[in-house]
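A.B. asks:
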Amino acid sequence: MLPTLMMIEIAASLLALVYLILATMQQRLCWVFSFVSALLFVPVFWSNSMPLFTVLQFYFAGMAIYGWVTWAGGDDKPELPVQTLTRGQNGLVLVILAALIIETLVVMYVFMDSATPLWLAGIDSTSTWASIAAMALTARKYLESWLLWLFLVNLPLVVSCVLTGLFPTAALYAAYAVMSVFGYFRWRGSLASA
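When we follow the working numbering, the leftmost residue of the sequence shown carries the number 1, and every step to the right adds one.
1. So what does Y59 bridge to, in DSSP terms?
2. May I ask you to report which of helix, strand or coil DSSP gives Q89?
3. Taking the straight line between their C-alpha atoms, what separation do you get for V32 and A133?
4. Are the stretch 176-185 and the stretch 108-124 in contact at 8 Å, needing three or more beta carbon pairs?
5. Take the Cβ of L20 as the centre, count every other Cβ of all protein chains shown within 10 Å, and call the residue buried at 16 or more, exposed below.
6. Where does L52 land, buried or exposed, given buried means 16+ other C-beta within 10 angstroms?
7. With a threshold of 6 Å on Cβ separation, who are the neighbours of C30 within its own chain once the five nearest residues in sequence on each side are excluded?
8. I want to know whether the stretch 139-152 touches the stretch 62-71 - three or more CB-CB distances under 8 Å.
9. Can you list, in chain order, the residues of its chain whose CB lies under 6 Å from that of T104, leaving out five sequence neighbours each side?
10. List the whole-angstrom C-beta distance separating Y173 from L157, where the pair is believed to meet the contact cut-off of C-beta under 8 Å.
11. Whether or not the stretch 91-102 and the stretch 42-61 are in contact is what I'm after, with contact meaning three or more pairs of Cβ atoms, one per stretch, closer than 8 Å; do they touch?
12. Decide if S34 is buried, meaning its Cβ has at least 16 other Cβ atoms within 10 Å, or exposed.
13. Answer with buried or exposed for I102, where buried requires no fewer than 16 other C-beta atoms within 10 angstroms of its C-beta.
14. Under 8 Å, do L92 and W129 count as touching if we go by C-beta distance?
15. If you compare alpha carbons, which of S131, E79 and Q83 is closest to V55?
16. Provide the residue span of the alpha helix (DSSP H) that contains T138, from first to last.
This is the structure we're talking about:
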């Protein structure tokens with residue numbers, strides 16, 4: 001029999017995949033799976049001494065509630081359509097991300113005496129901040145969210161996990177990367193047809 005924490009990790013991963021599949025199809029139900037998955041990941045990351053990823057799960061759970069509310073259509077308002085950022089908004093997102101990533105790396109190395117290799121800390125910082133931005137953009141149905149997930153979260157984490165020997169997690173992020181491509185083109189198609 002599998003240890004309890006491993007069963008929780010497997011359940012959280014499967015629910016996260018269901019979330020992603022439903023999100024690519026713009027199904028509001030995706031946010032329920034996101035919420036439950038995030039809460040299940042809390043003890044997994046906490047028990048593995050990953051406090052930042054633990055806190056990130058609470059953010060994801062909160063954004064799942066926000067996404068559920070913002071994606072709702074109804075009698076008084078239409079369903080939230082897919083939208084795109086302006087060139088200026090894209091630039092602003094990237095500048096803010098770069099500043100936060102660099103600031104995090106400086107804090108890690110100046111104040112925390114980090115023994116983590118710079119490349120790994122860079123991927124950790126980039127994927128954390130990009131996850132925050134991508135989830136916020138996903139909740140508002142911005143097409144560019146899929147590009148952040150693909151290039152600044154999922155692909156870097158595949159590399160990081162392979163190089164650190166976390167092969168099952170690398171496979172999960174590889175699946176996320178494929179789904180990010182699918183989500184981008186699916187949302188772009190609905191944007192063109194609107």
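Quick reminder that beta carbons are idealized off the backbone N, C-alpha and C, glycines included.
Quick caveat: nothing in here was measured; it's all calculated off a predicted structure.
C.D. replies: Taking the geometry as given:
1. None; Y59 has no bridge partner.
2. helix
3. Each residue's CA atom was taken as its position, placing V32 and A133 some 20 Å apart.
4. no
5. buried
6. The residue in question, L52, is exposed, as its Cβ has fewer than 16 Cβ neighbours within 10 Å.
7. Y19, L22 and A23
8. yes
9. S125
10. 4 Å
11. no
12. By the neighbour-count criterion, in which 16 or more other beta carbons inside 10 Å mark a residue as buried, S34 falls on the buried side.
13. Of the other Cβ atoms in all chains shown, fewer than 16 fall within 10 Å of the Cβ of I102; this residue is therefore exposed.
14. no
15. S131
16. L118 to A139
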